[in-house]
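Written below as structure tokens is the structure these notes are about.
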Amino acid sequence: MAKIFCVANQKGGVGKTTTTVNLAAGLAKLGQRVLVVDLDPQGNATMGSGIDKRKLELSVYDVLLESASIAEARQRGEKSGYDVLGANRELAGAEVELVDLERRERRLKAALGEVSNEYDFVLIDCPPSLSMLTLNGLCCAHGVVVPMQCEYFALEGLSDLVNTIKQVHANLNPDLQIIGLLRVMFDPRITLQQQVSQQLKTHFGDKVFDTVIPRNVRLAEAPSYGLPGVIFDPSSKGALAFVEFAREMVRRIDSM
Ligand code: ADP
Ligand code: MG
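Numbering-wise, the sequence shown is residues 850 to 1105 according to my numbering.
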């Protein structure tokens, strides 16, 4: 049975998609079988995994509306080493279309159940909101990975996310927990970032991953080549950090 994780943070541009595709590629390098689910209508995780979102015949949208199974809609990752259930603009409509449907927040969970034994990890790239789409992700996950930039307002947004996770835990998914906070785009030369990083450690202790992802231009360049940084430039600092993070995830899961 796969372990399912949401990569979530309701802020945009904090590194969710970069974390999803590079953690997936890192886990694949370690021999893990991985499925990435793109739950963001922007389709960045899809494109960043080398799949053209404009050419998708079936996507996560069809899975949520139960007109396709994941086995039918997923793309096999040849270059990336992991499979992808892709997304594109069509997914934005699902938000509205799901409202009147029954079990609307459990659609993805039901669909994942059918392929769960084919994977060790499922990573869900969430949109920058606490919407019905994110709720579908949170309902099927064992845990949430929260990428964070060590900036002044980082902690402020976190409390909304923590409250949402608590509510989902209480009402919809008793398995759900925060697996950890991942410090990303870290620049050790900036004193404020060191201070916020230290604050995170003080407040959240073991919930903060040991691995820190540095700010690294190769990670930002990789998506334009349709590859995760881990594959685009395996010896870059960013790629090495994500492979180390994949190892840390495997260790955490083993001790869960
Ligand atoms: P989100 O999915 O939360 O919106 P992204 O993963 O798309 O965030 O990241 C936002 C931008 O920051 C992207 O342009 C991405 O390439 C860049 N980026 C993310 N992580 C890093 C990093 N560690 N170093 C440099 N650039 C990064
Ligand atoms: Mg994104």
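The beta-carbon is built from N, C-alpha and C at its ideal position, and this holds for glycine as well.
Closest by C-alpha distance to residue i, when choosing among the options
i: Leu1068; options: Gln1042, Val1079 and Asp1059; result: Val1079
i: Val945; options: Gln924, Ile973, Lys928 and Leu913; result: Leu913
i: Asp1059; options: Gln1044, Ile1102 and Gly1029; result: Gly1029
i: Asn1065; options: Gly862, Ser1085 and Phe1081; result: Ser1085
i: Leu961; options: Pro1063, Leu884 and Lys878; result: Leu884
i: Gly942; options: Asp911, Thr867 and Ala959; result: Asp911
i: Ser916; options: Lys928, Asp901, Leu957 and Asp932; result: Leu957
i: Glu954; options: Asp969, Leu1004, Ile919 and Ala990; result: Ala990
i: Ser978; options: Val964, Gly1006, Ala959 and Tyr1001; result: Gly1006
i: Ser1008; options: Leu1049, Gln1042, Asn893 and Cys988; result: Leu1049
i: Glu1093; options: Ala1071, Ile1062, Gln1044 and Pro1072; result: Ile1062
i: Thr983; options: His1018, Leu888, Tyr931 and Gln924; result: Leu888
i: Ile919; options: Asp901, Leu940, Gly892 and Val886; result: Val886
i: Ser965; options: Pro1083, Arg882 and Thr868; result: Arg882
i: Tyr1074; options: Glu921, Arg923, Lys928 and Glu906; result: Lys928
i: Met1105; options: Gly880, Leu987, Ile1027 and Pro890; result: Ile1027
i: Leu947; options: Glu921, Glu963 and Val909; result: Val909
i: Val1033; options: Gln998, Ser1046 and Lys1056; result: Gln998
i: Leu905; options: Ala894, Gln924, Asn893 and Gln891; result: Gln924
beta-carbon residue i near the ligand MG non-hydrogen atom, thresh 8 Å
i: Ala1095; result: no
i: Gln998; result: no
i: Asn871; result: no
i: Ala894; result: yes
i: Pro1023; result: no
i: Lys860; result: no
i: Pro1037; result: no
heavy atom of the ligand ADP below 8 Å from residue i C-beta
i: Leu1004; result: no
i: Gly880; result: no
i: Leu1068; result: yes
i: Met1034; result: yes
i: Asp887; result: no
Whole-angstrom C-beta distance between residue j and residue i, which should lie under 8 Å
i: Val870; j: Ser898; result: 6 Å
i: Ala851; j: Tyr968; result: 4 Å
i: Gln1043; j: Pro1037; result: 7 Å
Meets three-Cβ-pair contact criterion under 8 Å: the segment 935-954 and the segment 969-983: yes
Contact the segment 1086-1099 vs the segment 868-885: 3+ CB pairs below 8 Å: yes
Three or more C-beta pairs below 8 Å linking the segment 856-872 and the segment 983-998: yes
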